[in-house]
Amino acid sequence: MAAGAPRIFVSHLAGTAVFDPVGDQVGRVSDLVAMLRVGRRPPRLLGMVVEVLSRRRVFVPMTRITGVESGQVITTGVVNMRRFEQRPTERLVLGELLDRRVTLVETGEEVTVLDIAIQQLPARRDWEIDKVFVRRGKGGALRRKGETLTVEWSAVTGFSLEEHGQGAESLVATFEKLRPADLANALHHLSPKRRAEVAVALDDDRLADVLEELPEDDQVEILGKLKEERAADVLEAMDPDDAADLLNELPEDEKERLLTLMRPDDAADVRRLMSYEERTAGGLMTTEPIVLRPDATVADALARVRQQDLSPALAAQVYVCRPPDETPTGKYLGTVHFQRLLRDPPFTLVSSLVDSDLPPLGPDTPLPAVTSYFAAYNLVAAPVVDESGSLLGAVTVDDVLDHLLPDDWRETEFHEEGVRGG
C-alpha cells in the first residue's frame with residue numbers, strides 16, 4: 043500500500059453524500075461492491091452503490107471516484123442512471139459482509155465482523171479491502187463482551203459462505219442515522235434472509251417507521267417472519283391507518299390473531315379504520331390527530347405540536363373539540379392552524395382562534411373528492427367528522443399521495459437510459 047494512503051472503514055461511508063466536481067450533490071452512498079478473489083487475496087473494490095435523489099440505486103465504479111474525504115465522496119460527474127443489479131461474483135460489503143461469523147486462520151477461533159477497511163492501491167485508482175475489524179466471542183456490534191481487534195483480510199476465512207451465521211447488529215448500527223424512508227429502501231434491496239435478520243434486530247418503533255415506508259409485499263413478508271407477539275407490538279407502534287392497511291393484506295385468520303394480541307385500545311382504532319372503504323376519507327385517516335379542549339391555550343397547543351414523533355402534516359394544525367378528546371371526540375368545534383398559533387399570545391384560548399368556516403370531510407368521502415378538497419383549500423391535513431359532529435380523525439396529504447400514486451411508486455424509476463460502467 044502507498045505510504046500515507048488513507049484507510050477508510052466502510053461504516054463511516056454509509057449515507058455519505060456524493061458530489062460531482064462542481065459541488066452538486068448526486069446522491070448518498072448506500073453500499074459498496076466488492077469481488078472476492080481466489081485464495082487469500084484481498085477482494086477488489088469495484089464501486090459504490092449510490093442512492094440518487096429519485097431513490098434509484100445506481101452503480102458508480104471506483105474509477106469514477108476522485109476523492110473519498112471526511113463526510114463526502116467526489117465523483118467525475120459521469121454517473122450512469124441504470125438501476126444497480128448485483129452480479130453473481132459480487133458481494134455487497136455492508137449488506138453481506140458485516141456481522142458475518144468468520145474464523146481466525148491462526149487459531150481457528152470464530153469471530154464476528156464489525157467493520158471492514160478499504161484502501162487505495164499506490165499510483166492507481168484501484169481499491170482493495172484492506173483490514174477486517176472483528177470481535178471475539180459470540181456478541182455482535184451492540185454487545186460489550188469480547189475483545190476487538192483489526193486483522194488483515196488474509197488472517198480470516200469464511201467470507202465465501204452464503205449468509206452463514208450472519209447477524210445484523212453491525213448493519214443496523216451503520217444505518218442508525220438514516221431516515222426511515224432511506225432505511226426502508228436499503229432494506230428492500232437486501233436478500234429476504236438478510237432483510238428478516240435486520241428487521242428482527244430493529245426495535246419496535248424503528249421497525250414500525252420503516253414498515254410504513256416499504257412496499258406492501260415487503261411489509262407482509264417481514265411481518266410474517268416475526269413471532270406473533272412481536273408482530274402485534276410492531277403493529278401497535280405503527281400509525282393506525284398504516285397498521286390497518288397492512289392487516290388488510292393478510293389472511294382473515296392471521297389478521298384476527300394479531301388484532302387479538304394487540305392492546306385493546308390500539309386494536310379498536312385499527313378495527314374502526316378497517317370498517318371504512320380503503321379509498322375514502324375514513325379509510326385514509328389517522329385516528330391520532332392533535333385534539334384540544336376549548337379551554338386549552340396557545341401555549342398548550344404549541345407544546346403538543348412540538349412532539350418529536352408527530353409528522354409535519356399532523357403538526358400543521360390542531361383540532362378543537364368538546365370532551366372526550368380521544369377520537370371519536372365530543373362535538374368538533376373547528377381547526378387552528380400552526381401559523382395562527384404563532385401569531386397570538388401564549389395565554390390565548392384556542393377556542394377563540396378556531397377556523398369554523400372550513401367544512402370537514404365525511405368518513406365516506408371518496409378519494410377524488412378528498413383530493414379536490416385538499417387542492418381547493420391548500421391543506422396538508424383535514425378533519426374527518428361523522429354525522430353526529432364527532433371528530434373521527436384527520437387525513438394527511440402524504441396518505442392522499444400514497445393512494446394517488448401507482449402501487450409500485452416506491453420502486454418507480456425516473457430514468458431508464460444509460461448502461462452500467464465497469
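Each residue of the sequence shown is one higher than the one before, starting from 43 at the first, in the working numbering. Cβ atoms here follow ideal geometry from the backbone N, Cα and C, with glycine treated the same way. Source: prediction; values computed, not measured.
If you reduce the DSSP assignment to three classes, tell me which class R185 lands in.
At R185, the pLDDT of 49 sits below 50, so the modelled position is not reliable and the matter cannot be decided from this model.
The beta strand (DSSP E) enclosing S72, as first and last residue numbers:
Taken as a continuous stretch (DSSP letters only), the beta strand (DSSP E) holding S72 covers Q67 to M77.
Out of curiosity, what's the CA-to-CA distance linking M104 and L384?
The straight-line gap from Cα to Cα measures roughly 50 angstroms.
From Q28 to R70, what does the alpha carbon distance come to, in whole angstroms?
With the chain covering only 43 through 464, there is no way to say anything about residue 28.
Roughly how many whole angstroms lie between the Cα atoms of L307 and R177?
Before going further, note that residue 307 is Asp rather than Leu in the sequence given. In a straight line, the C-alpha of D307 is about 44 angstroms away from that of R177.
Buried or exposed for D245, going by 16 or more other Cβ atoms inside 10 Å?
Its Cβ having fewer than 16 others within 10 Å, D245 is exposed.
N-terminal and C-terminal residue of the beta strand (DSSP E) that K219 is part of:
That residue, K219, is in no beta strand (DSSP E); it is neither H nor E in DSSP.
Based on the DSSP secondary-structure assignment, which residues constitute the bridge partners of R296?
A quick correction: the sequence has Glu, not Arg, at residue 296. When beta bridges are read from the DSSP output, E296 appears opposite no residue.
Rank A273, Y374 and F389 by C-alpha distance to the C-alpha of A424 and give the top, closest one.
The shortest C-alpha to C-alpha distance from A424 to any of A273, Y374 and F389 is the one to Y374.
Cut-off 7 angstroms between Cβ atoms - residues of its own chain near L95, not counting five sequence neighbours on either side
Excluding residues up to 5 positions away in sequence, G69 lie with their Cβ nearer than 7 angstroms to the Cβ of L95 in the same chain.
Once you ignore the five residues that flank V262 on each side, which residues in its own chain have a CB closer than 6 angstroms to its CB?
Cβ within range, chain order: E291.
Look up Y318 in the DSSP assignment and say whether it is helix, strand or coil.
In this structure, DSSP gives Y318 a state outside helix and strand, which the three-state scheme calls coil.
By Cβ distance, which residues of its chain are closer than 7 angstroms to F416, with the 5 residues on each side in sequence left out?
Cβ neighbours of F416 within its own chain (closer than 7 angstroms, five residues either side excluded): A424, V439 and V442.
Which residue marks the beginning of the alpha helix (DSSP H) containing H445, and which one marks its end?
For H445, the enclosing alpha helix (DSSP H) stretches over residues V439 to L446.
Let's see if you can read the secondary structure: which residues bound the beta strand (DSSP E) around Q162?
Q162: member of the beta strand (DSSP E) spanning E152 to Q162, first to last residue.
Note the first and the last residue of the continuous beta strand (DSSP E) segment covering F380.
From DSSP, F380 is part of no beta strand (DSSP E) but of the alpha helix (DSSP H) over F380 to R385.
Below 8 angstroms on the Cβ atoms is my guess for P410 versus D428; work out the distance and round it to an integer in Å.
Between P410 and D428 the beta-carbon gap is near 21 angstroms, outside 8 angstroms, which marks them as no contact.
Mark T58 as exposed unless 16 or more other C-beta atoms lie within 10 angstroms of its C-beta, in which case mark it buried.
T58 sits buried, since 16 or more C-beta atoms from the chains shown fall within 10 Å of its C-beta.
In angstroms with no decimal places, state the Cα-to-Cα distance between V100 and A76.
The alpha-carbon atoms of V100 and A76 are separated by roughly 15 angstroms.
G137 and R236 - do their beta-carbons sit closer together than 8 angstroms?
G137 sits close to R236, with the two beta carbons spaced by under 8 angstroms.
Quick check on L203: does DSSP put it in helix, strand or coil?
Residue confidence is low: L203 scores 48 on pLDDT, short of 50, so the model does not pin down where it sits. No coordinate-derived value is stated.
Going by beta-carbon coordinates alone, are V333 and L433 separated by less than 8 angstroms?
The beta carbons of V333 and L433 sit closer together than 8 angstroms.
Is K269 helix, strand or coil by DSSP?
Three-state DSSP puts K269 in coil, outside helix and strand.
Counting along the chain, where does the alpha helix (DSSP H) carrying A323 start and finish?
A323 to L326 is the span of the alpha helix (DSSP H), which, as asked, contains A323.
Ends of the beta strand (DSSP E) at P485?
In the structure as shown, the chain starts at 43 and stops at 464, and residue 485 therefore has no counterpart that could be examined.
Answer yes or no: do Q114 and F51 have a C-beta to C-beta separation smaller than 8 angstroms?
No, the Cβ-Cβ distance between Q114 and F51 is not below 8 angstroms.
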